[in-house]
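**Q** First to last, the sequence lines map onto chains A and B.
Our numbering puts the first residue of the first sequence at 574, with every later residue one more than the last.
Our numbering puts the first residue of the second sequence at 851, with every later residue one more than the last.
Each residue gets a CB set at the ideal place from its N, CA and C atoms; glycine is no exception.
I'd like to ask some things about the structure below.
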Amino acid sequence: MLISATWLSSFLGDELPPPERTAELVTGLGLEVDGIEEVGAHTRHVRVAEVRSVAPHPNANRLRIVRIFDGERELDIVCGAPNVPDPGGKVAFAPVGTELPGGLRIEAREIRGVPSAGMLCSEAELDLGPDENGILVLEPDAPAGRPLAEYVPGAHDVIFELSVTPNRPDALGHVGVARDLAAKLACPLRLPETIGFGEVAEQPDLVTLEAPDACGRYFGVALEGAKVGPSPLEARVRLHRLGLRPISAPVDITNLVLLEWGQPLHVFDRERLKGGVVRVRRARGGERIEVLDGRTLTLCEDDLVIADAEDPVALAGIMGGAASAVQSDTTRLLLEAAWFRPAIVRKAARRHQIASDSSHRFERGVDHGFGLERAAARAFDLLRAWTGARPVARCEVRGEVPATPRIRFRARRCTRLLGISVSVDEAQEILGRLGVAVERESGGDLVCAPPTHRPDLQREVDLFEEVLRLKGLDAIEARSVVPSKPMAAAMPNLPRRLRRGAQDALAARGLLEIVGWAFRPDADFAFLDDVVPPARRVRLKNPLREEPTVMRPHLLPGLLAAASNNAARGARRIRLFEVGRVYTWPAGDGPNHVAGPVRLGEDDRLADERQMAGVLVGVPSGDVDVLRGVGDVCLHVLERLGYTGSTSAPPPGPLAGFHPGLVGAVRLADGRWIARYGAVHPDLVAAYDLGGWTLAYGEIDLWALGPPEVRKARPIPNQPGSSRDLSLAVPPRVHAAEIRDWILTWAQGRDGAVRLDIGDAGEPPVEVVEEYRGEGGEFEGGRRAVLFRLHYRADGRTVRDDEVDALHETLVAALLAAFGDDPRGPLRRR
Amino acid sequence: MRRWPCGGCRRLRVVGRVAEAALLCSPPVDPRLRAERERFIEAARKADDDAALYALKVEFLGKKGSLSKLRSVMRDLSPAERKAFGRDFNTVKDEIEALIDARRKELAKRRRAEELARWEDVSVVLDPVPRGALHIVTQTWRRLERVFENMGFTVHDGPHVEHGKTNFDDLNIPPDHPARDMQDTFFVVPPTDDGWERVLRTHTSPVQIRTMLAGPPPVRVVALGQVYRRDDDATHTPMFHQIEGLYVDRDVSMADLKATLYHFVSAVFETDLDVRFRPSFFPFVEPGAEFDVRCPFCKGDGCSVCKRTGWIELGGSGMVHPAVFEAVGYDPEEVSGWAFGFGIDRMAMLLHGVSDLRLLFDGDQRFLEQFPC
Ligand SMILES: [Zn+2]
């Protein structure tokens, strides 16, 4: 909302404070000033000049030499405009030294051999309007020599840009801003005088109201004999300054009154209204109307329209129809001033995707009382004055308007809520200044009826805010209160603890955290189709861009996109991680997982939001160690979070996103697979332009973790144990972890004095100490040699070699038997 | 003086110094002893390390050592000679032991001096371990959490895919109200056609509703997390992070809100900073106010960060609207409360001097690694 300082000040009984101070005051009232701009400073130098004579230019056909009188002397000006008035006419003259808005500085110079002592300017050159065809011709009575800034009020102005919050429709006009400012400054408000409808004859059928629930008030005034021409210069400049294009007097008048009172109006060409009357009614389904922006709308039965005897001529409160618009030959006018129910205007505006100055105000609620009446009268006055039209008939109909609330105001409560002292007298005085009708009860409470231009004042707290606004928020002093009873200790928040722990652990491993977009193109997740079918993806109804967009069901694409960017920027190593949520609709009837400790009954309707940690490490070319490294990171994170587990073979079933043969997992002590890691699937590597890179991805399902147990100490062995090495030829696709886990399970099920246990230096009971693939990776038909080391001990004594040998050999025999008929090939001892 | 017991020790022990060995005065009379002594002194001078000294000790004083062997000579001596020889023998033996010991100490001293004389250039690390980093949004998030936890707030979170009702209606933003336009919303396609409105939460404020529905006042929580608005330009990203604070109790006033904000900004910027309110409108508070903080970088004198105003706009706040209390079943006549909210991303940018919002979401390692932690 643009506000002109000149116009604003015309409504104030006192002088408007300097621009910066005004901006401060207005902002302090809750109407935030976003910008202040001084405009038209040059019009102090541009003067009204009288044309004395016009002579042809000796050297150019299209130029003329205009002799003007600038109030002091006569000067010759070379001018190319076709519309220089005859002698006696008045023009705008920029003398030498003037700087025009475009930065052009007027100098004395010769034009085709004839000296010119300045320039005659067009509206556009002076930034007083859009017209650049010819020079600006002023009224014949304009006094020569007068600076334009004085002759045209508002030519030199300060424009404030206000951002008005939706609760303050009253501030969408200059009068409303002036009203607040006057209340703040405690100075009188001077509203424009109006003559009013006076003796205009009533014509009851001029307006018919068929939808009293949707239209609370409708004034119609019929005028005749209008001459449609341009508005006076002052009005045109005002509109131009406030960002509107002057069109013709009737249209300009509705715009000016809109900017003055915040009241949208409309003028119809009555000649084009069938029957010369209007009906306010609901549209019939399928009715069509071409509106002023050129679109043809198909209406539905919820739309409120203004219709003539037959067809819709305007979408109520939003936009007029093209067919009934005022044109240059219009002579019969119908002025509309109305109040439409905000929700109805808003729904229709959304339905038809029109946002107009009018709908913007009606949606928020315009004044259905005094403001409406004064705005209508003002427009009426101006129409008569500027078009010469005379009124022939009028009609006012009333529907339902919101009842004025009666609000009890308790000063004590105000004091308690705001934390500043407010007395009854003070509150009564402040509310009175704002136009609130206040009655004082014997008990000291105030009963308040807000004015119709403040639909936002509905409850007691709204009045508290009014008092606070006018007292100023700086009156509040910082003062802490003590809770009325001790606050309960915060309950542990496991997701948050896991998130923090995982972030810290990953950063400690030299990885860099990213924050990835929670939504991405659906196409990014095609690789997941078998695991998270498209129907389970959480889709956005109105994504930013055309492409189908979903809340991410997986962290990998975000990490790959970041990796891809980094690789393109010359990174020599990728080391990224993210801890965040992935989103899917719950599968089947199982409970969904709403993040956070507070769960509502209807949360079953929401999505699963699972917290995951994803790690992406990449090197331009690397080997299996990079993959194992990420597995170790995953395990390490879990250990730091308080869980016990080990890297292992992957779980059965598809693992989307991974290379099927280069993948592992982390299993917790209870057997659950909680993390997966391995090489990124080659298709994805290619899709993200990362060909040639070795990329290892790991992800930890933090959501699946229950609270960790506090670790208990384990006794440190004080008698020596004994270890045996076992070298095995392991067939392809048999994981060493499978063998290790088989041995551990086997050993757990045995009783006896000797057992598998940690080594003397704390080594795990079964270690893989070496792996050998042979020369060129070839060893016994694709097998690889894996050296295991097994640690044995007995309770409370040194273990004997013969006992260990016996157990070890039994174990090895059982192991070889167990893996003997494995379809992947038999395990052999070396 | 009484101290808290450490749980381990019962008493203090004093360990005294061991006395130095005595030194010799005169050489022995017996030529054999004298010769052994001379031989030892000569050999000891050549012994350069502990191993050589040990070998010397074995050579002279071992069971079959050359000095030990001289003990057998005593059998052939008269009792008087034997007594003198014995005394000299012991003296030489003590002397050799003392000399070995002294020599050992001398060698240790020399080794120590040699060790201390070493010099290597360790001023440059040629292959440093890569540093990890938390994202500055995470770092700021934690900084804020810590400050509010210290002020007695519980940290809550809520779902990102939220009910339209919880995100709007319960927060006094009814359907068809222009306030719904203030935050352009991402709507979610429902999984089944159940007519239920689901949105990406446009603010952390639904956590207010969730918290109050969970139990009676007093309530003192902060909620931090991702929020989503359909907005994408130089100063807005469609996803960003917000923090929300809520305090509801009897007699909570706007003065307490101001005090809390003041304590919080001072703690976050680690310096005493003023806070001011400007009236504004947020549907779920009344009165509503934006709050500004005195620019921590110029202390109010004006700089580029605060655009020469001396103040930095931080966020929105106000007294919880009675309609919100009614939506969660609290009685607005009985309790009052305040709420505030602001963007974590902008705070992170302020704290770390980041001017381009896009850097936060780009994943550029050259940016991320600037903030190791
Ligand atoms: Zn500053």
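Report the residue from A:H1381, A:A911, A:G1398 and A:E1039 whose alpha carbon sits nearest the alpha carbon of V840 of chain A.
**A** Taking the first residue of the first sequence as position 1, residue 840 of chain A is located at position 267. The candidate whose alpha carbon is nearest that of V840 of chain A is A:A911.
**Q** What is the residue span of the alpha helix (DSSP H) that D900 of chain B lies within?
**A** The residue labelled residue 900 of chain B in the question sits at position 50 within the second sequence. Looking at the DSSP string, the run of the alpha helix (DSSP H) that includes D900 of chain B is D900 to L911.
**Q** In whole angstroms, what is the alpha-carbon distance linking I516 of chain A and P1338 of chain A?
**A** Only positions 574 to 1403 of chain A appear in the structure, and residue 516 of chain A is not among them; the question remains open.
**Q** With which residues is S577 of chain A paired in a DSSP beta bridge?
**A** Taking the first residue of the first sequence as 1, we reach residue 577 of chain A at position 4. Beta-bridge pairing links S577 of chain A to A:I732.
**Q** Applying a beta-carbon distance threshold of less than 7 Å, which residues of chain A neighbour E1219 of chain B?
**A** Taking the first residue of the second sequence as position 1, residue 1219 of chain B is located at position 369. Within 7 Å Cβ-Cβ: L1085.
**Q** Can you pull the DSSP bridge partners for G1232 of chain B?
**A** Residue 1232 of chain B cannot be examined here, being either before or after the span of chain B that is shown, 851 to 1223.
**Q** Could you check if Q1076 of chain A is buried or exposed, using at least 16 other CB atoms within 10 Å of its CB as the buried criterion?
**A** Here the question's residue 1076 of chain A lines up with position 503 in the first sequence. By the neighbour-count rule (16 or more Cβ atoms within 10 Å), Q1076 of chain A is buried.
**Q** Since M692 of chain A sits in a beta bridge, which residues does DSSP pair it with?
**A** Position 119 of the first sequence, counting from 1, holds the residue named residue 692 of chain A. Beta-bridge pairing links M692 of chain A to A:A667.
**Q** With H1006 of chain B as the anchor, note down where its beta strand (DSSP E) starts and where it stops.
**A** Reading the second sequence from its first residue, position 156 is the one you call residue 1006 of chain B. Note, H1006 of chain B: beta strand (DSSP E), T1004 to H1006.
**Q** When you compare only the Cα positions, how much space is there between L990 of chain A and V731 of chain A?
**A** The residue you call residue 990 of chain A lines up with position 417 of the first sequence. The residue you call residue 731 of chain A lines up with position 158 of the first sequence. If you take the alpha carbons of L990 of chain A and V731 of chain A, they lie about 38 Å apart.
**Q** Could you list which residues in chain B have their beta carbon closer than 7 Å to that of V1111 of chain A, in chain order?
**A** The count along the first sequence starts at 1 and reaches residue 1111 of chain A at position 538. By Cβ distance, chain B contributes V1011 and V1038.
**Q** Given S1116 of chain B, which residues of its chain have a CB within under 7 Å of its CB, disregarding the five upstream and five downstream residues?
**A** Working through the second sequence from its first residue, we reach residue 1116 of chain B at position 266. The residues are D1122 and L1123.
**Q** Helix, strand or coil for Q1184 of chain A, going by three-state DSSP, please let me know.
**A** Looking up residue 1184 of chain A in the first sequence gives position 611. Three-state result, Q1184 of chain A: strand.
**Q** Say whether chain B places a C-beta atom closer than 8 Å to the C-beta of D1439 of chain A.
**A** In the structure as shown, chain A begins at 574 and stops at 1403. Residue 1439 of chain A is therefore absent and cannot be evaluated.
**Q** In its own chain, which residues sit with a C-beta less than 8 Å from the C-beta of R855 of chain A, not counting the 5 before and 5 after it?
**A** Numbered from 1 along the first sequence, position 282 holds the residue referred to as residue 855 of chain A. Same-chain partners within the cutoff: E783, A784, A787, E874, D875, D876, L877 and V878.
**Q** So with Cβ pairs under 8 Å, would you call A871 of chain B a contact of chain A?
**A** Reading the second sequence from its first residue, position 21 is the one you call residue 871 of chain B. Summary for A871 of chain B: the model assigns pLDDT 35, below 50, so the residue's position carries little reliability, and this model does not support an answer.
**Q** Buried or exposed for E1039 of chain A, going by 16 or more other Cβ atoms inside 10 Å?
**A** As a first step, residue 1039 of chain A is located in the first sequence; it is residue number 466 there, counting from the start. So E1039 of chain A ends up on the buried side.
**Q** Beta-carbon of R884 of chain B versus every beta-carbon of chain A: anything under 8 Å?
**A** As a position in the second sequence, residue 884 of chain B is number 34, starting the count at 1. No, no contact with chain A.
**Q** Between A916 of chain A and chain B, is the shortest Cβ-Cβ distance under 8 Å, so that the two count as touching?
**A** In the first sequence, residue 916 of chain A corresponds to position 343, counting from 1. It does; some Cβ of chain B falls within 8 Å.
**Q** Using beta carbons (cut-off 8 Å, strictly below), is W1161 of chain B in contact with chain A?
**A** To locate residue 1161 of chain B, count along the second sequence from 1; it is residue 311. W1161 of chain B does not count as touching chain A.
**Q** Distance check for V1135 of chain B and D1099 of chain B, CA to CA, integer angstroms please.
**A** In the second sequence, counting from the first residue as 1, residue 1099 of chain B sits at position 249. In the second sequence, counting from the first residue as 1, residue 1135 of chain B sits at position 285. When rounded, the distance between both Cα atoms is 15 Å.
**Q** List the DSSP bridge partners of C987 of chain A.
**A** By 1-based counting over the first sequence, the position of residue 987 of chain A is 414. Partner(s): none; C987 of chain A has no beta bridge.
**Q** Quick one: grab the DSSP three-state call for H1010 of chain B.
**A** Looking up residue 1010 of chain B in the second sequence gives position 160. Residue state, collapsed to three classes: coil.
**Q** Since V1167 of chain A meets chain B, which of its residues come closer than 8 Å, beta carbon to beta carbon?
**A** Indexing the first sequence from 1 puts residue 1167 of chain A at position 594. G1008 and P1009, listed in chain order.
**Q** Within 8 Å (strictly less), CB to CB, does P777 of chain A reach chain B?
**A** Numbered from its first residue, the first sequence carries residue 777 of chain A at position 204. By this cut-off, P777 of chain A is not an interface position.
**Q** Please confirm if G1414 of chain A has its CB atom under 8 Å from at least one CB of chain B.
**A** The requested residue 1414 of chain A is not part of the displayed model; chain A covers only 574 to 1403.
**Q** Tell me the DSSP secondary structure of E1038 of chain A in three-state form.
**A** For the purposes of this step, residue 1038 of chain A is identified with residue 465 of the first sequence, where counting begins at 1. Helix at E1038 of chain A.
**Q** Report yes if the C-beta of C694 of chain A is less than 7 Å from at least one heavy atom of ligand 1; otherwise report no.
**A** Numbered from 1 along the first sequence, position 121 holds the residue referred to as residue 694 of chain A. Incorrect: C694 of chain A has no Cβ contact closer than 7 Å to ligand 1.
**Q** Would you please verify whether the beta carbon of A1081 of chain A is less than 8 Å from any beta carbon of chain B?
**A** Reading the first sequence from its first residue, position 508 is the one you call residue 1081 of chain A. With 8 Å as the cut-off, A1081 of chain A counts as an interface residue toward chain B.
**Q** Determine which residues of the region 1190-1201 of chain B have a Cβ less than 8 Å from any Cβ of chain A, and write them out in chain order.
**A** Taking 8 Å as the Cβ-Cβ cut-off against chain A, none of the residues of the region 1190-1201 of chain B qualify.
**Q** How about D926 of chain B and V879 of chain B: do their beta carbons lie closer than 8 Å?
**A** The count along the second sequence starts at 1 and reaches residue 926 of chain B at position 76. The count along the second sequence starts at 1 and reaches residue 879 of chain B at position 29. Taking 8 Å as the Cβ cut-off, D926 of chain B and V879 of chain B do not qualify as a contacting pair.
**Q** Please report the straight-line C-alpha distance between R637 of chain A and A690 of chain A, rounded to a whole angstrom.
**A** Walking along the first sequence from the start, residue 637 of chain A turns up at place 64. Walking along the first sequence from the start, residue 690 of chain A turns up at place 117. So the two alpha carbons sit approximately 14 Å from each other.
**Q** Please determine, among A:T738, A:K1044 and A:Y1270, the residue with the shortest C-alpha to C-alpha distance to L1133 of chain A.
**A** As a position in the first sequence, residue 1133 of chain A is number 560, starting the count at 1. Residue A:Y1270 is the option with its Cα nearest to L1133 of chain A.
**Q** In this structure, does DSSP put W991 of chain B in helix, strand or coil?
**A** As a position in the second sequence, residue 991 of chain B is number 141, starting the count at 1. DSSP places W991 of chain B in helix when its eight states are reduced to three.
**Q** Keeping to the same chain, check which residues put their C-beta closer than 6 Å to that of L874 of chain B; ignore five residues upstream and five downstream.
**A** Taking the second sequence and counting its residues from 1, the one referred to as residue 874 of chain B is at position 24. For L874 of chain B, the predicted structure reports a pLDDT of 47, less than 50, and the residue's modelled location is therefore unreliable. A value from the coordinates is still provided. Result list for L874 of chain B: E945, in chain order.
**Q** Could you compute how far the alpha carbon of W1188 of chain B sits from the alpha carbon of Y1097 of chain B?
**A** Here residue 1188 of chain B refers to the residue found at position 338 of the second sequence. Here residue 1097 of chain B refers to the residue found at position 247 of the second sequence. Between W1188 of chain B and Y1097 of chain B, the C-alpha separation is close to 5 Å.
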